[in-house]
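In our numbering, the protein residues as written are 13 to 564.
Note that the Cβ used here is the ideal one computed from N, Cα and C, for glycine as well.
Here the structure is laid out as structure tokens; the discussion comes afterwards.
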């Protein structure tokens, strides 16, 4: 059995996590509002209203009902028909908004940004514990955790993405307790894992992969170790508990658990709202409900730091090779004919199995996706785990202390470079690309699909036209710029009027290049000839938006 490596001191680890937290606290108000946040806020109040209908908290219920009527907008999708999104985060936040009487729009969005970040910060601690649980080496666990935190797109989304990052965070915690259960099968660990597996699944249906794969691995283990059958009652309790907790955490399931689970799978497998939506991918406009098989791979490759990808490929090949060699050399008549040698290999194979099955599922069933790979950001957990595994294997192969020190020094230098890039991109880490060789990337891939740049644009316009009492703005893109108004002060909100594609009624025209139609053949967002470009926002050679002013 491996001994725990003392490695880096706990005080340094605590210091680094403290710095991470402080940076988040200082900067969480820097981020704009994403296009989904208003819908998720309304979803939280919708389901809070539903839950309170079973109680006698009449005053609270009335306050929630009033809030619900106030969340409107012609670009806001109705909850009815789109009720399949989890609310394990949005519902409690809606309740807190009422309890703390947060009425100013920018305050409740910033409040949610803080909570979003805090959950990700909390999950990063569990990711460190997860890696240390597997590798028993604080240096390697810390490097892996820094990879996890310093994934630019994930980090940026951790402030404003109320769906994908919340799911990633909950799944990270659930995976840690899954590893604890693999270490020790006990009724206590069965229940704890059931709780967190249900929490993550209630946020996004993809979370069901984790409990399903755990149960599958249990039955695989019984093929080699019949004595593991003594844990079968625990597995049954786990399955029942998981389903009970899932229903408890997800109000959608209260009226019909099985039926609504099936409807949820169907909804996310083929999103009907995307039937007429086109997305820009590698210079071409493709149907969002019919993406090519290389869509996920391409997006991960161009928007993840290169070193993480290289290490992932090395680690994936190593784990797969070990599994494959064991599989072809299994001899049933021997004492030990498992697919893994010990718990540590079992955990590695478990991670490999999950990411492989998820990717195959997405490709085989042509699952609807758009705006990058944000819908599957959660697989970054597995990518970073496997990258960390590669570092672990390389470190084991190095016999010299000097070579080990050189390895970690090289990794730290690269991470310093990534930190520098994240500072350059701030607060737009969500549009990070690693492919410096790609020119005019805004013409090949969607960049500001969250619409975060709207905040900067509006603030700049207010400064430019500070003497005007009314500024009329049109949007030459598929972006509800109205959302960004809510991050302005009340007096500034009154100055600005958004008129959509009514170009000739506008003083200024804003475009962040987003389109739901093929711009090559459709002139919906064509800039009128009487508008002249007056400004553009370019970040790290990436054009984020353009500003045009009417030529009078």
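Check: Limits of the unbroken beta strand (DSSP E) element including residue 522; Outcome: 520 to 523
Check: Burial state of residue 44, where buried means 16 or more other Cβ atoms lie within 10 Å; Outcome: buried
Check: Opposing strand residues paired with residue 84 [DSSP bridges]; Outcome: Answer by DSSP bridge pairing: none, since residue 84 is not bridged.
Check: Inter-residue CB distance, residue 518 and residue 468 (contact presumed, cutoff 8 Å); Outcome: In fact, because the Cβ distance is near 19 Å, the residues do not count as touching under 8 Å.
Check: Which of helix, strand or coil DSSP assigns to residue 494; Outcome: helix
Check: Meets three-Cβ-pair contact criterion under 8 Å: the stretch 108 to 120 and the stretch 498 to 518; Outcome: yes
Check: Residue burial classification, residue 52 (beta-carbon count within 10 angstroms, cutoff 16); Outcome: buried
Check: Alpha helix (DSSP H) segments (min. 4 residues) lying fully within the stretch 429 to 515; Outcome: 465 to 476, 494 to 497 and 502 to 507
Check: Exposed unless 16 or more other CB atoms sit within 10 angstroms - verdict on residue 424; Outcome: exposed
Check: Counted within 10 angstroms of its Cβ, other Cβ atoms place residue 394 as buried (16 or more) or exposed; Outcome: buried
Check: Beta-bridge partners of residue 560, as assigned by DSSP; Outcome: 521 and 545
Check: Contact the stretch 221 to 229 vs the stretch 173 to 180: 3+ CB pairs below 8 Å; Outcome: no
Check: 8 Å CB neighbourhood of residue 304 in its chain, flanking five on each side removed; Outcome: 293 and 298
Check: CB of residue 170 within 8 Å of CB of residue 128, strictly; Outcome: yes
Check: C-beta contact flag for residue 521 and residue 465 at 8 Å; Outcome: no
Check: Run of the beta strand (DSSP E) containing residue 293, from where it starts to where it stops; Outcome: 290 to 293
Check: Beta strand (DSSP E) runs contained entirely in the stretch 358 to 434, provided each spans 3 or more residues; Outcome: none
Check: Between the CA atoms of residue 525 and residue 506 - distance to the nearest angstrom; Outcome: 26 Å
Check: Of the residues 149, 90 and 221, the one placed nearest residue 22, counting alpha carbons only; Outcome: 149
Check: Segment limits, alpha helix (DSSP H) that includes residue 303; Outcome: First-last for residue 303: undefined, no H or E at that position.
Check: For residue 43, three-class secondary structure by DSSP; Outcome: coil
Check: Meets three-Cβ-pair contact criterion under 8 Å: the stretch 395 to 407 and the stretch 137 to 147; Outcome: yes
Check: Nonlocal neighbours in the same chain, by C-beta distance under 7 Å from residue 132, ignoring five residues either side; Outcome: 170, 177 and 181
Check: Beta-bridge pairing of residue 113 - partner residues as DSSP gives them; Outcome: DSSP output for residue 113 lists no bridge partner at all.
Check: Supposed contact pair residue 42 and residue 593 - C-beta distance, whole angstroms, cut 8 Å; Outcome: As shown, the chain starts at 13 and ends at 564. That puts residue 593 outside it, with no answer to give.
Check: Opening and closing residue of the beta strand (DSSP E) in which residue 278 lies; Outcome: Run containing residue 278: none in the beta strand (DSSP E); it sits in the alpha helix (DSSP H), 269 to 281.
Check: Beta strand (DSSP E) segment containing residue 167, residue limits; Outcome: Where residue 167 is concerned, there is no enclosing beta strand (DSSP E), although the alpha helix (DSSP H) it sits in stretches over 164 to 172.
Check: Bounding residues of the beta strand (DSSP E) (the contiguous stretch that carries residue 307); Outcome: Premise fails: residue 307 lies in the alpha helix (DSSP H), 307 to 315, not in any beta strand (DSSP E).
Check: Straight-line Cα distance separating residue 75 from residue 113; Outcome: 10 Å
Check: Beta bridge counterpart(s) of residue 555 as assigned by DSSP; Outcome: 550
Check: Residues of its chain near residue 483, where Cβ-Cβ distance is below 8 Å and the 5 sequence neighbours each way are ignored; Outcome: 473, 474, 477, 507, 508, 509, 519 and 520
Check: Nearest-angstrom Cα separation, counted from residue 102 out to residue 13; Outcome: Since pLDDT at residue 13 reaches only 41, below the 50 mark, its modelled position is unreliable, and the value read off the structure follows with that caveat. Each residue's Cα considered, the two are about 44 Å apart.
Check: Beta-carbon contacts of residue 260 that lie in its chain and below 8 Å, excluding the five residues immediately before and after; Outcome: 210
Check: Opening and closing residue of the beta strand (DSSP E) in which residue 298 lies; Outcome: 296 to 299
Check: Own chain, CB closer than 6 Å to residue 324, minus 5 neighbours either side, in chain order; Outcome: 395, 398 and 399
Check: Neighbour-count burial assignment, residue 295, 16 or more Cβ in a 10 Å radius; Outcome: exposed
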